[in-house]
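Novice: Under my numbering, the first residue of the sequence shown carries the number 3, and numbering increases by one thereafter.
Ideal Cβ placement from N, Cα and C applies to all residues, glycine included.
On a predicted model such as this, the values are computed, not experimentally measured, just so you know.
What follows is a structure written as structure tokens; I'll ask about it next.
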Amino acid sequence: MYRTLDNNNMANNLSARKRQKRELSIPAPGRKGNIKVTREGWIECAKVVLIEEGIGAVKVDRLAKRLNVTRGGFYYHFKNHHGLLEALLDSWREQNLFTPREMQVDSVDHAAQTLDAICGNLIHELGFDPQFDMAIREWARVSKPVAEVVHQVDDERIASLEQVFSGLGYPCTEARVRARVFYTHQIGYYTIGVEEPTAIREQNLQSYLNVLGGTAYRKAYRG
């Protein structure tokens, strides 16, 4: 029989935490001048505004108003508005991880477990925020430099997935194709706005893995 993934521990209270995380990451309002917003605080606020309103709304004065501070503190951390946008894009590239930074793919078993972990993280949005990802892609539609970065990140993510499928034993070309299918399937899932309860996604996960992972993945858990 095939192994069934158990994500119950990860799922505990996850929905509540996800609802709160955006609010908690931005400093609470107070009297102007009495709040010191860190560089990370400005970036996080820019991220929230990008997701909610788009890149056109990510302006220094609007962020300062939202944080209830003066604009002066912004220029302590950033040279200008462009510097904030660069930092926001860097934050997406470095922190919104589709695959783990370190992966074990030195055996078929390890590669299969890594694929499990990637899917579990995506379902529970652990280390990867699909709303942030989609907001960056919308930004890329109106900015060629951002689009170039997005293409680079897509290539890097697909290359990481290719390592996983190679670890499962697929030859180079098939591993590359399977990596692309897996990645475009998941990004497409977000792009078309599929809305499913986490419980349903967990229920369907093994079937998706059996299809996307193919024969080599299924053999890894056959016993």
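Out of curiosity, what's the CA-to-CA distance linking Q208 and V183?
Specialist: 17 Å
Novice: My understanding is that L117 touches G216, with C-beta atoms under 8 Å, so please give their C-beta distance in whole angstroms.
Specialist: Not quite, the Cβ-Cβ distance comes to about 10 Å (not below 8 Å), so this is no contact.
Novice: Over what stretch of residues does the alpha helix (DSSP H) that includes Y172 continue unbroken?
Specialist: No alpha helix (DSSP H) contains Y172, which DSSP labels as neither H nor E.
Novice: Secondary structure at P29, three-state DSSP: helix, strand or coil?
Specialist: Because P29 carries a pLDDT of 49, less than 50, the predicted location of this residue cannot be relied on, and the following value inherits that uncertainty. Here P29 sits in coil by DSSP.
Novice: Where does V196 sit, in a helix, a strand or coil, going by DSSP?
Specialist: coil
Novice: Under 8 Å between the Cβ atoms of V39 and A48?
Specialist: no
Novice: Return yes when the Cβ of H79 is within less than 8 Å of the Cβ of R103, no when it is not.
Specialist: no
Novice: I'd like to know if the region 185-197 and the region 85-95 are in contact, where contact means that at least 3 CB-CB pairs between them fall below 8 Å.
Specialist: no
Novice: Beta-carbon separation of V155 and R68 under 8 Å?
Specialist: No. Outside cutoff.
Novice: Find the nearest neighbour of Y192 within the set G56, D135, Y223, E176, judged by alpha-carbon distance.
Specialist: D135
Novice: Helix or strand or just coil, what does DSSP make of S209?
Specialist: helix
Novice: Is L170 near A114, with beta carbons less than 8 Å apart?
Specialist: yes
Novice: If we ignore side chains and look at the alpha-carbon of each, how far apart do I53 and L99 end up?
Specialist: 17 Å
Novice: Measure the alpha-carbon distance for K221 versus L128 and round it to whole angstroms.
Specialist: Near 27 Å, if we compare the C-alpha coordinates of L128 and K221.
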